[in-house]
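In this note's numbering, the protein residues as written are 999 to 1066. Just below is one structure, and these are the notes that go with it.
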């Protein structure tokens, strides 16, 4: 019971890092495509959304594994 808060804190930090990391990578890739390759500005929105979807999928898989 004493270690339960540590596990919850660890899961919360993994969630935050995944969401920020994947979305940030999407924004970075989108910015490079927009700035360097001359693609439309909304590519940033698409790549950041794709990063967020990948983060949510990773969290879903992690929680399914945790529930077993």
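Cβ coordinates follow ideal geometry from the N, Cα and C atoms, glycine included.
Starting from residue i, follow the alpha helix (DSSP H) in both directions and report where the run begins and ends.
i            : result
residue 1026 : 1002-1034
residue 1066 : Element bounds for residue 1066: n/a, residue is neither H nor E.
Leaving out the 5 sequence neighbours to the left and right, which residues in its chain are closer than 8 Å to residue i when beta-carbon positions are compared?
i            : result
residue 1025 : 1042, 1045, 1046 and 1049
residue 1056 : 1016 and 1020
With a cut-off of 8 Å on the beta carbons, I'd call residue i and residue j a contact; round off their distance for me.
i            : j            : result
residue 1031 : residue 1037 : 5 Å
Which same chain residues end up closer than 7 Å to residue i when comparing Cβ atoms and leaving out the 5 residues on each side of it in sequence?
i            : result
residue 1052 : 1020
Quick check: the region 1057-1065 against the region 1033-1046, are at least 3 beta-carbon pairs closer than 8 Å? Contact fails: fewer than three Cβ-Cβ distances are below 8 Å.
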